[in-house]
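Under this note's numbering, the sequence shown has 93 at position 62, and the numbering climbs by one with no breaks.
Where a beta carbon is used, it is the ideal one built from N, C-alpha and C, also for glycine.
Quantities reported herein were computed from a predicted structural model and do not represent experimental measurements.
Data block below; observations after.
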Amino acid sequence: MAVKGDPDVTIKIPRPLYAQLKQVIGGSGFHSVTEFIVYVLRDLMSHHAEGKGLPTMPTSGPGGEGDVDPLSPDEIEAIRKRLSSLGYL
């Protein structure tokens with residue numbers, strides 16, 4: 032739990048998503064899943080600040096918000112290419 036005055040907060044994500052992100056960032060230069068998530072959120076917010084908007088929230092599947100579809104090999108490759116183009120791989 033965050034202490035009053037602590038600049039960080041805790042955000043919960045589904046464990047399967049965490050495991051997938053940990054696999055994706057392996058060898059990327061990110062030191063943790065948290066560091067990667069902060070990077071992605073900052074990138075997303077910069078797009079929003081530039082007037083490009085945010086992606087729309089997908090509707091939840093039959094099992095609710097705890098279900099996370101596994102990343103496809105194409106999605107993993109796209110993430111790796113993006114990380115590489117940013118100099119992380």
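In its chain, beyond the 5 residues on either side, no residue has a beta carbon closer than 6 Å to the beta carbon of Leu75.
Judged by DSSP in its simplified three-state form, Val40 adopts coil rather than helix or strand. One thing to note: Leu52 has its Cβ no nearer than 9 Å to the Cβ of Val40. The residue among Arg73, Gly36, Gly60 and Ile42 with its C-alpha nearest the C-alpha of Ser116 is Gly60. Counting only residues of its own chain and dropping the five nearest sequence neighbours on each side, Ile56 has a CB closer than 6 Å to the CB of Phe67. Taking C-beta separations shorter than 8 Å and ignoring five residues to either side along the sequence, the partners of Leu102 in its chain run Gln51, Val55 and Ile110, following chain order. Counting C-beta atoms within 10 angstroms of its own C-beta, Leu72 has fewer than 16 neighbours from the protein chains shown and is therefore classed as exposed. Residue state for Leu52 is assigned as helix, using DSSP reduced to three classes.
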